[in-house]
Amino acid sequence: MKGSYILILRIPKSREHKVGKLGTISFKKGYYAYVGSAMNNVEKRVTRHCSQNKHVHWHIDYLLTISKIKHILYRES
């Protein structure tokens, strides 16, 4: 199923963290929203984001190493 999704993330403490080629970025503690789309299978994409054992590839993968997913919203398109 094609669709879009939003991951609501919580970073428990302020910190600096390397995010791929973007370099080191400062993140304040708090909640963040990541909006993504999946042209083939939104369920597989969200499952990948929730997985603990994955290759760090996209910018969100770097952020997920220092945050927890609190909510997931998605919409079929």
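One gets this note's numbering by counting positions in the sequence shown from 1 and adding 83 to each. Beta carbons: idealized from backbone N, C-alpha and C, even for Gly.
Taking C-beta atoms as the reference points, lysine 96 and lysine 112 count as a pair closer than 8 Å. In the structure shown, histidine 140 adopts coil according to DSSP, grouped into three states. Cβ-Cβ distances below 7 Å link serine 160 to Lys85, Gly86, Ser87 in the same chain, with the five nearest sequence neighbours on each side left out; the list follows chain order. The C-beta of histidine 132 has 16 or more other C-beta atoms within 10 Å across all chains shown, which makes the residue buried.
The C-alpha of asparagine 123 is placed about 31 Å away from the C-alpha of phenylalanine 110.
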